[in-house]
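Residue numbers (my numbering): 1 to 152. Reading through the C-alpha cells given below for one structure.
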Amino acid sequence: MDALGEQELKLFVDSVRRYFKVVTREEPQITSAFLGTTELQGHDYNGIVAFSGSYNGHVIVSMPAQLLKEMLLMQGERDVSHGNLLDAVGEIANTLAGNARKSLGAGLQISVPVRLHGGAGIQARVRRHPYVITLRWNHQPAVVCIDMERKG
C-alpha cells in the first residue's frame, strides 16, 4: 500500500470546498489539514463511504446537527428530523466519494454510505495516521477524515 500524495489529498480539500460552494454558495473555512495521531473527536452525525479497487480505505464526514439543519434549511428542506440529518451527512460523504472517483479513476469502487449517530471518536482502520481536514461553515465545525491508501 502507498500513502496518498499531495495531489490526491488536495483533491479532497478542493472537493469539500466545492461541495459547500455549490450547495450553500459559501465556501467553508478550512481550519487545518493534518495527519491524525490520536483518536479524533467526532460530531453527532457521521457518514462513511468505503473505497476498494485501486485504493483501499474509507472517508468519514462528521458534522454536528446544527450545521446539517442549517444546510437543509438553505436548500428549502423543512424536515430537519433525525432521519433527514442522517440522510444529509450520508449524501455529503457519498458526493465527496463520487468526486474522488472522477479524479482517482474508474477503478475505484465506492460503497453505499453508512450513516451513524453519536459523537464517538473517529478511528482509523487502514492508516495508522489518517489524513484529517477540519473546517468551519457558518460558525459550525466539521471533520473529514481520509483513511485510505493507494494499492501498490
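Yeah, the Cβ is synthetic: ideal placement off N, Cα and C, and Gly gets one too.
Less than 6 Å between C-beta atoms, sequence neighbours within five positions excluded: which residues of the same chain meet that for V114? I48
Just how far apart, CA to CA, sit Q7 and L86? 30 Å
Are the Cβ atoms of L68 and V89 separated by less than 8 Å? yes
Please report how far the alpha carbon of L11 lies from the alpha carbon of V59, in whole angstroms. 13 Å
With a threshold of 8 Å on Cβ separation, who are the neighbours of R125 within its own chain once the five nearest residues in sequence on each side are excluded? G57, H58 and D147
Going by the CB atoms, is the gap between I30 and I133 shorter than 8 Å? yes
Member of T38, P130, V112 and E77 whose CA lies at the smallest distance from the CA of L4: P130
When we look at the beta-carbon of D44 and count the other beta-carbons within 10 Å, is it buried (16 or more) or exposed? buried
Take G107 and list the residues in its own chain whose beta-carbon comes closer than 8 Å to its own, dropping the five residues that flank it on each side. G53 and S54
Determine the direct distance from the alpha carbon of G76 to that of G42, and round the result to whole angstroms. 27 Å
Since N138 is in the beta strand (DSSP E), which residue starts that stretch and which ends it? Unbroken run through N138: none, as it is neither H nor E.
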